[in-house]
Amino acid sequence: MTYELYTFSGTPFGWRIQLAALIKGVELNVHWIQPSAETLKSPDFLAMNPRGKVPVLKTQDLALYESTAIVTYLDAAHPHPPLFGETVPEKALIAQTISEIEWYLSQRVQTFARGVFFDEAADEADHFTELASMIMCELDMYGNRLGKSDYLVGGSITAADVHLYPLVRGVLRAGEKEAAQFLKLPFPPIGNRYPNMAQWMERIESIPNFQSTWPPGWK
Ligand SMILES: N[C@@H](CCC(=O)N[C@@H](CS)C(=O)NCC(=O)O)C(=O)O
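Under our numbering, the final residue of the sequence shown carries the number 226; numbering is consecutive throughout.
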């Protein structure tokens, strides 16, 4: 079964789907669409996702949106290896971690990256300084957890890692830009402040064929 994935280059939400599919050995036919209103708000696209956002996964029977729901679908349809744990505590901890990532990090990273890429961060220096500090607090917490286990929840990759990895990449990429230099971030490289996280990223990046998920618009 090949699925149709609609996404655009560099979005952390679409990258999650590519990572989940890679881990499961599931084939995706990726439609790299333009992040423009003409595309995302077109009647055809809105018929798949009335919110006009990527990612969307077209399956045999539905067009599914929201990255967590799509990863859940892939896990249910292709159970091995399991991304949502095997034991009751594992399942609960993975759900807890995903909830933390979505509530305390995801939107902040999106706002931060957008502000840097559109060169607006310096105009709102106080706001972006506070945002960067909140993002670093979150990363500190995940960095500490990764000092205790190879992945966010235990010794195997789970949906929690699949949710976090693209966001960390997004922060690093934004942090490299000239427009972020006034923030004097302690990264990149990530290992400067988060050595455990650097090793975790290497683990994920050593999954065979990982490079096939790399955003095509990125160097
Ligand atoms: N909660 C959603 C977030 C999806 C989302 O924000 N997608 C962004 C990609 S970075 C998008 O399509 N933005 C285009 C827009 O809002 O016009 C998920 O997990 O899939």
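Beta carbons: idealized from backbone N, C-alpha and C, even for Gly.
These numbers were taken from a predicted model, which means no experiment stands behind them.
Limits of the unbroken beta strand (DSSP E) element including residue i
{"i": "residue 64", "result": "63 to 65"}
{"i": "residue 39", "result": "34 to 39"}
{"i": "residue 12", "result": "9 to 14"}
Run of the alpha helix (DSSP H) containing residue i, from where it starts to where it stops
{"i": "residue 47", "result": "44 to 47"}
{"i": "residue 107", "result": "95 to 108"}
{"i": "residue 269", "result": "The first residue shown for the chain is 8 and the last is 226, placing residue 269 beyond what the model contains."}
{"i": "residue 172", "result": "166 to 183"}
{"i": "residue 131", "result": "Looking at the DSSP string, residue 131 is not in any alpha helix (DSSP H), and its letter there is neither H nor E."}
{"i": "residue 188", "result": "That residue, residue 188, is in no alpha helix (DSSP H); it is neither H nor E in DSSP."}
{"i": "residue 122", "result": "114 to 124"}
{"i": "residue 203", "result": "202 to 212"}
Heavy atom of ligand 1 within 7 Å of residue i beta-carbon
{"i": "residue 79", "result": "no"}
{"i": "residue 59", "result": "yes"}
{"i": "residue 47", "result": "yes"}
{"i": "residue 213", "result": "no"}
{"i": "residue 72", "result": "yes"}
{"i": "residue 117", "result": "yes"}
{"i": "residue 20", "result": "yes"}
{"i": "residue 75", "result": "yes"}
{"i": "residue 62", "result": "yes"}
{"i": "residue 89", "result": "no"}
{"i": "residue 42", "result": "yes"}
Straight-line Cα distance separating residue j from residue i
{"i": "residue 177", "j": "residue 121", "result": "10 Å"}
{"i": "residue 82", "j": "residue 91", "result": "8 Å"}
{"i": "residue 221", "j": "residue 161", "result": "25 Å"}
{"i": "residue 30", "j": "residue 137", "result": "35 Å"}
{"i": "residue 151", "j": "residue 85", "result": "31 Å"}
{"i": "residue 167", "j": "residue 13", "result": "22 Å"}
{"i": "residue 48", "j": "residue 19", "result": "20 Å"}
{"i": "residue 217", "j": "residue 171", "result": "16 Å"}
{"i": "residue 141", "j": "residue 116", "result": "10 Å"}
{"i": "residue 10", "j": "residue 54", "result": "17 Å"}
{"i": "residue 46", "j": "residue 126", "result": "24 Å"}
{"i": "residue 131", "j": "residue 184", "result": "16 Å"}
{"i": "residue 189", "j": "residue 196", "result": "17 Å"}
{"i": "residue 204", "j": "residue 111", "result": "18 Å"}
{"i": "residue 41", "j": "residue 15", "result": "6 Å"}
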